[in-house]
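For any residue, its number in the working numbering is found by taking its place in the sequence shown, counting from 1, and adding 4. Beta carbons are placed, not taken as given, at the ideal position from N, Cα and C, and that holds for glycine. On a predicted model such as this, the values are computed, not experimentally measured, just so you know.
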Amino acid sequence: MPVHMVPTELVEKEFWRLVNSIEEDVTVEYGADIHSKEFGSGFPVSDSKRHLTPEEEEYATSGWNLNVMPVLEQSVLCHINADISGMKVPWLYVGMVFSAFCWHIEDHWSYSINYLHWGEPKTWYGVPSLAAEHLEEVMKKLTPELFDSQPDLLHQLVTLMNPNTLMSHGVPVVRTNQCAGEFVITFPRAYHSGFNQGYNFAEAVNFCTADWLPAGRQCIEHYRRLRRYCVFSHEELICKMAACPEKLDLNLAAAVHKEMFIMVQEERRLRKALLEKGITEAEREAFELLPDDERQCIKCKTTCFLSALACYDCPDGLVCLSHINDLCKCSSSRQYLRYRYTLDELPAMLHKLKVRAESFDTWANKVRVALEVEDGRKRSE
Numbered sequence: 005m006p007v008h009m010v011p012t013e014l015v016e017k018e019f020w021r022l023v024n025s026i027e028e029d030v031t032v033e034y035g036a037d038i039h040s041k042e043f044g045s046g047f048p049v050s051d052s053k054r055h056l057t058p059e060e061e062e063y064a065t066s067g068w069n070l071n072v073m074p075v076l077e078q079s080v081l082c083h084i085n086a087d088i089s090g091m092k093v094p095w096l097y098v099g100m101v102f103s104a105f106c107w108h109i110e111d112h113w114s115y116s117i118n119y120l121h122w123g124e125p126k127t128w129y130g131v132p133s134l135a136a137e138h139l140e141e142v143m144k145k146l147t148p149e150l151f152d153s154q155p156d157l158l159h160q161l162v163t164l165m166n167p168n169t170l171m172s173h174g175v176p177v178v179r180t181n182q183c184a185g186e187f188v189i190t191f192p193r194a195y196h197s198g199f200n201q202g203y204n205f206a207e208a209v210n211f212c213t214a215d216w217l218p219a220g221r222q223c224i225e226h227y228r229r230l231r232r233y234c235v236f237s238h239e240e241l242i243c244k245m246a247a248c249p250e251k252l253d254l255n256l257a258a259a260v261h262k263e264m265f266i267m268v269q270e271e272r273r274l275r276k277a278l279l280e281k282g283i284t285e286a287e288r289e290a291f292e293l294l295p296d297d298e299r300q301c302i303k304c305k306t307t308c309f310l311s312a313l314a315c316y317d318c319p320d321g322l323v324c325l326s327h328i329n330d331l332c333k334c335s336s337s338r339q340y341l342r343y344r345y346t347l348d349e350l351p352a353m354l355h356k357l358k359v360r361a362e363s364f365d366t367w368a369n370k371v372r373v374a375l376e377v378e379d380g381r382k383r384s385e
């Protein structure tokens, strides 16, 4: 039977039979996480050396081009300067039958979008974000010995578990077959996994919209508990957007204002605790100019930006203000605050955001009134 005529259900059944088998070994190859900047994208790229046709020129600037999507005006990631591989720069995937991707969520709980350029379908399984913790609990319950030795096992992309097993323990799972020419989008903190039905070629990237910001903040707290490294500083991203509110999309400005308000309140609380401990020395630090590995909390591994605690006698490390008791055993008189902004500077940034955000509220109210008038007119006709 020609490969394209084999039913997807038959391939799926055989895949899980092999996964569950303890008597058979099958080896497959998967060209995963291939850097598109190095090997070329499947989408037309404007700065390529090859001459583009008029049709390709149109696609080269389209928002659906995965090289363009992360840097659109409405995208949060366009405010990160670095070309983060896999997040801002697409990765390529060359699959063969049974090559798989294990259960995982995206870095920083971002959205992801995957486009299948050509080839056999890709079978996906997905779990909604509201059930993310339930999935983690079920996996830990069924394989406790693995999680005891590796608490961050699900972040290593090495865990396969049959969707039927998850569903039998109350985890909601959906599935789909992605065919050539189709996009699949995963949502923040939505676990997903899957496998390839045959030889195919796909491309994927992350993106973050305004509604992602609260999830991104919650993810940083989750990473703290796991002592997992961040890909970028969430605080730095928020402050960078707040520094140029006039350049923000109106909807994004409103979302950034809400997030920064929460961030400033928390920073006030943390710095107050520092003063209560008797630490009064402080020095301004341009954290964004430091390599990430020089501004990571030695306790939780988070990337510091707004502030950190350091010691004159122990210059090799620092901690975030959530772990001020974990820096060193030196006297508090030898410890000092390293800060990016004073507490007087942060409200000014908030105010500029508020002005920009209020222009969004004004626009939204006008639209709402116009729609209500239009709706009333139609009903009277």
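Next on the checklist: Based on DSSP bridge pairs, tell me the residues matched to Gln1.
Outcome noted: With the chain represented from 5 up to 385, any question about residue 1 goes unanswered, as that position is not in the structure.
Item to check | Inter-residue Cα distance where the pair is Ser337 and Tyr233 | outcome: The alpha-carbon atoms of Ser337 and Tyr233 are separated by roughly 30 Å.
Item to check | Sequence-distant residues of its chain with Cβ nearer than 7 Å to Ile224 (five each side left out) | outcome: Hits under 7 Å: Cys234, His238, Thr306.
Checklist entry - In angstroms, rounded to a whole number, what distance separates the CA positions of Met171 and Cys332? => result So the two alpha carbons sit approximately 47 Å from each other.
Item to check | Where the beta strand (DSSP E) containing Cys386 begins and where it ends | outcome: Past the boundaries of the shown model lies residue 386; the chain is included only from 5 to 385, so the question cannot be answered.
Next on the checklist: My output table needs one value for Trp68: the three-state DSSP class, helix, strand or coil.
Outcome noted: Under the three-state reduction of DSSP, Trp68 is assigned to coil, being neither helix nor strand.
Checklist entry - Would you say Ser133 and Pro192 are within 7 Å of each other, going by their C-beta atoms? => result Yes; because the gap between Cβ atoms is below 7 Å, this pair is in contact.
Item to check | CA nearest to the CA of Leu341, picked from His355, Leu325, Trp20 | outcome: Looking at the Cα atoms, Leu325 is the closest of the given residues.
Item to check | Contact set for Glu207: own chain, Cβ-Cβ below 8 Å, skip 5 residues either direction | outcome: Cβ within range, chain order: Ser40, Ser45, Gly46, Phe47, Leu70, Pro94, Trp95, Leu96, Tyr97, Asn118, Tyr119, His121.
Checklist entry - Going by other Cβ atoms of all chains shown within 10 Å of its Cβ, with 16 needed for buried, is Pro167 buried or exposed? => result Buried, by the Cβ-count rule.
Checklist entry - Around the C-beta of Arg299, are 16 or more other C-beta atoms found within 10 angstroms, so that it is buried, or is it exposed? => result Counting other Cβ atoms within 10 Å of its Cβ, Arg299 reaches 16 or more and is therefore classed as buried.
Checklist entry - My guess is that Asn210 and Ser114 are in contact by the Cβ rule of under 8 Å, so how many angstroms apart are they, rounded? => result About 4 Å separates the CB atoms of Asn210 and Ser114; that is less than 8 Å, so the two are in contact.
Next on the checklist: Tell me the residue span of the alpha helix (DSSP H) that contains Phe205.
Outcome noted: For Phe205, there is no enclosing alpha helix (DSSP H); the enclosing beta strand (DSSP E) has its first and last residue at 204-211.
Checklist entry - Is it buried or exposed for Glu292, if we count other Cβ within 10 angstroms and need 16 for buried? => result Burial call: exposed.
Checklist entry - DSSP puts Val131 in a beta bridge; with which residues? => result Bridge partners of Val131: none, in fact.
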